[in-house]
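*Asks:* Residue numbers (my numbering), protein chains in the order written: chain V, 3 to 260; chain C, 3 to 260. Note that CB positions come from ideal geometry on N, CA and C, so glycine has one too. The structure displayed is predicted, hence computed values, not measured ones.
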């Protein structure tokens with residue numbers, strides 16, 4: 003497995019690929035779990051080569067403490083990637099590798115990016131779109147894999163790919179859940195022991211109640227502080243139930259198709 | 003000479019290029035003049051293939067009337083391109099070809115884009131950066147040619163190319179002037195006959211006066227309405243004098259290195 007810390011190191015490797023090669027790409031912020039493993043496995047089954055990126059993107063954090071406390075497990079991540087058979091890892095050590103001149107030119111969206119998580123995390127999706135555009139230009143994948151747990155993120159990246167004629171196939175991958183019902187997330191590592199038993203109630207309430215207000219009441223009764231829990235009709239015709247809720251100082255998100 | 007009206011039509015042609023081919027790109031809004039011819043000739047001398055785009059980008063016009071009155075001379079443009087030996091022209095007829103879902107996801111910049119022309123044309127440079135990013139993704143050039151008459155635009159595109167790791171060489175091409183001293187521009191066609199004789203005074207004042215205030219006074223005395231005329235130190239260490247001024251309802255811009 004190749005590992006690259008800079009754009010300059012990665013590029014010649016990418017240019018060595020044949021023109022028709024299928025290059026799968028799984029962008030992550032590290033702290034890899036079985037949700038990421040699922041993305042990686044799907045990429046490997048559908049492509050000639052799979053590239054994983056590990057970069058905790060500072061511009062998508064609206065709270066400094068969340069950025070500083072974001073779990074970092076690079077040694078374990080690289081071991082997992084190698085074991086899964088990833089071909090190359092792009093893992094810049096410094097933020098300046100992707101922001102050499104700072105955060106000057108941004109990619110923004112004014113509608114969907116202001117709703118749901120966007121309403122509670124100002125600037126979050128600008129940071130996401132900006133770094134994903136950079137990563138696409140660097141990695142140059144033919145296929146890119148995004149987890150459905152961050153469904154709003156997937157929809158926004160899809161808008162960007164369409165609007166900018168980015169020549170790749172975007173592949174959404176269904177969320178991976180613990181047997182308890184808790185959606186896998188890197189932030190789960192920060193859930194306090196006394197909160198563990200409550201955490202799966204978010205998902206359970208989302209699927210068990212028909213009325214969204216009942217689901218919200220159940221989640222609040224369980225001790226969550228809810229940012230939002232709402233049903234949303236999407237452009238593609240489907241309806242999804244989206245939620246974000248705090249358990250102590252850990253923010254959990256989830257969504258289900260209705 | 004190939005001409006393409008849609009992304010779908012252009013792409014297979016581009017994919018037929020060899021991996022190492024040098025693809026020069028000259029993006030324009032049509033109404034071609036000798037300034038464009040200079041860009042095209044330079045691209046042709048430095049590349050295997052030259053692609054010209056002709057697209058009057060609606061999102062970079064802050065005034066509807068300026069957009070509607072922008073000169074359109076497609077038949078003559080194509081004849082000139084063919085005569086110069088351009089290999090391919092990408093000329094979408096409809097705005098929807100580049101904005102199929104509207105103007106949703108934007109590229110923005112908050113510092114340089116708010117100064118000079120940006121201070122007088124709100125949203126202008128967002129529209130420019132957005133369409134140039136799209137065109138780069140579609141055309142996939144190895145070299146892209148921008149006229150120095152729009153020097154602020156060149157600097158902003160340079161920021162975008164650097165920040166987004168766009169894998170091409172950006173080439174600024176010096177402004178082409180009439181013997182009178184008037185910088186060539188597609189908008190010159192709209193200068194009223196009675197204003198023609200005054201038009202070259204903008205450039206002459208910019209180069210003849212040491213003090214920028216004296217230059218501005220001379221331009222105003224000549225009958226221009228000045229948007230700005232100022233000296234600016236640039237990141238690269240050089241100082242340039244930038245100006246935008248109205249002659250009737252035609253806005254002229256120019257800049258000179260000091």
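Is the shortest distance between the beta-carbon of residue 166 of chain V and the beta-carbons of chain C less than 8 Å?
*Replies:* True, the Cβ-Cβ gap to chain C drops below 8 Å.
*Asks:* Could you name the residues of chain V that residue 131 of chain C contacts, counting a contact when the two beta carbons are closer than 9 Å?
*Replies:* Result: 107.
*Asks:* Using a Cβ-Cβ cutoff of less than 8 Å, which residues in the same chain neighbour residue 4 of chain V once the five nearest sequence positions on both sides are dropped?
*Replies:* Around residue 4 of chain V: 15, 89, 90 and 91.
*Asks:* So if I threshold CB-CB distances at 7 Å, which residues from the stretch 72 to 96 of chain V count as touching chain C?
*Replies:* Listed by position along the chain: nothing, the set is empty.
*Asks:* In the structure shown, what three-state DSSP assignment does residue 249 of chain V receive?
*Replies:* The answer is strand: DSSP assigns residue 249 of chain V an E or B state.
*Asks:* Look up residue 149 of chain C in the DSSP assignment and say whether it is helix, strand or coil.
*Replies:* Three-state result, residue 149 of chain C: strand.
*Asks:* Sorted by chain position, which residues of the same chain lie with C-beta nearer than 8 Å to residue 46 of chain C's C-beta, five sequence neighbours on each side aside?
*Replies:* Taken in chain order, the residues that qualify are 26, 52, 86, 87 and 88.
*Asks:* Does any CB atom of chain V fall closer than 8 Å to the CB of residue 117 of chain C?
*Replies:* Answer no: the Cβ-Cβ gap between residue 117 of chain C and chain V never drops below 8 Å.
*Asks:* Could you pull the start and end residues of the beta strand (DSSP E) that residue 197 of chain V belongs to?
*Replies:* It is not in any beta strand (DSSP E) - residue 197 of chain V carries neither H nor E in the DSSP assignment.
*Asks:* Taking CB distances under 8 Å as the criterion, tell me whether residue 25 of chain C reaches chain V.
*Replies:* Not an interface residue.
*Asks:* Buried or exposed: which applies to residue 212 of chain C, given that a residue is buried once 16 or more other Cβ atoms fall within 10 Å of its Cβ?
*Replies:* Exposed: under 16 other Cβ atoms inside 10 Å.
*Asks:* Going by DSSP in three states, residue 69 of chain C sits in which element: helix, strand or coil?
*Replies:* Residue state, collapsed to three classes: helix.
*Asks:* Would the beta-carbon of residue 186 of chain V fall within 8 Å of that of residue 36 of chain V?
*Replies:* Contact flag set, yes.
*Asks:* Could you have a look at residue 50 of chain C and say whether DSSP puts it in helix, strand or coil?
*Replies:* Coil, per DSSP.
*Asks:* Tell me which residue opens and which closes the beta strand (DSSP E) that residue 91 of chain C is part of.
*Replies:* That run of the beta strand (DSSP E) goes 90 to 92.
*Asks:* Roughly how many angstroms separate the alpha carbons of residue 6 of chain C and residue 149 of chain V, rounded to a whole number?
*Replies:* Looking at the two C-alpha atoms, the distance is approximately 36 Å.
*Asks:* Candidates V:72, V:225, V:105 and V:172: which alpha carbon is nearest residue 138 of chain V's?
*Replies:* For the residues V:72, V:225, V:105 and V:172, the minimum Cα distance to residue 138 of chain V belongs to V:172.
*Asks:* Just the chain V side, please: which residues come within less than 7 Å of residue 21 of chain C by C-beta, in chain order?
*Replies:* Going along chain V in sequence order, the residues near residue 21 of chain C (Cβ under 7 Å) are 21.
*Asks:* Just checking: is the beta-carbon of residue 234 of chain C within a distance shorter than 8 Å of some beta-carbon in chain V?
*Replies:* By this cut-off, residue 234 of chain C is not an interface position.
*Asks:* CB-CB under 8 Å to residue 74 of chain V, same chain, minus the five flanking residues each way: which ones, in chain order?
*Replies:* For residue 74 of chain V, where only same-chain residues beyond five positions count, the Cβ hits under 8 Å are 32, 33 and 58.
*Asks:* Out of curiosity, what's the CA-to-CA distance linking residue 228 of chain C and residue 258 of chain C?
*Replies:* Near 16 Å, if we compare the C-alpha coordinates of residue 258 of chain C and residue 228 of chain C.
*Asks:* Going along chain D, which residues have a C-beta under 9 Å from residue 110 of chain C?
*Replies:* The chain inventory of the structure shown lacks chain D, comprising the protein chains V and C.
*Asks:* Under a three-way DSSP split, which group does residue 76 of chain C fall into?
*Replies:* Here residue 76 of chain C sits in helix by DSSP.
*Asks:* Distance check for residue 144 of chain C and residue 24 of chain C, CA to CA, integer angstroms please.
*Replies:* Whole-angstrom Cα-Cα distance: 6 Å.
*Asks:* Under three-state DSSP, which class holds residue 237 of chain V?
*Replies:* In this structure, residue 237 of chain V counts as coil in the three-state DSSP scheme.
*Asks:* Return the residue from the list V:142, V:135, V:203 and V:178 that minimises the CA-CA distance to residue 40 of chain V.
*Replies:* It is V:178.
*Asks:* Closer than 9 Å by beta-carbon distance: list the chain V residues that pair up with residue 136 of chain C, in chain order.
*Replies:* Result: 165, 166 and 167.
*Asks:* When you compare only the Cα positions, how much space is there between residue 107 of chain C and residue 191 of chain C?
*Replies:* Roughly 33 Å separates the two Cα atoms.
*Asks:* Give the DSSP bridge partners of residue 29 of chain V, in chain order.
*Replies:* Note: residue 29 of chain V sits in a beta bridge opposite V:55.
*Asks:* Classify residue 111 of chain V: buried if its beta carbon has 16 or more other beta carbons within 10 angstroms, exposed otherwise.
*Replies:* With 16 or more other Cβ atoms within 10 Å, it is buried.
*Asks:* Mind checking if residue 53 of chain C is an interface residue toward chain V, Cβ cutoff 8 Å exclusive?
*Replies:* No, its Cβ sits nowhere closer than 8 Å to a Cβ of chain V.
*Asks:* Residue 94 of chain V: buried (16+ other C-beta within 10 angstroms of its C-beta) or exposed?
*Replies:* Buried, because 16 or more other Cβ atoms sit within 10 Å of the Cβ of residue 94 of chain V.
*Asks:* How many angstroms separate the CA atom of residue 54 of chain C from the CA atom of residue 83 of chain C?
*Replies:* Each residue's alpha carbon lies about 8 Å from the other.
*Asks:* What's the call for residue 181 of chain V, buried or exposed, on a 16-neighbour Cβ count within 10 Å?
*Replies:* Residue 181 of chain V is exposed by the Cβ-count criterion.
*Asks:* By the 10 Å Cβ neighbour count, where 16 or more other Cβ atoms means buried, how is residue 241 of chain V classified, buried or exposed?
*Replies:* Classification of residue 241 of chain V: exposed, given that the 10 Å Cβ count is below 16.
*Asks:* Residues of chain C with a CB under 7 Å from the CB of residue 140 of chain V: which are they?
*Replies:* The answer, in chain order, is 167.
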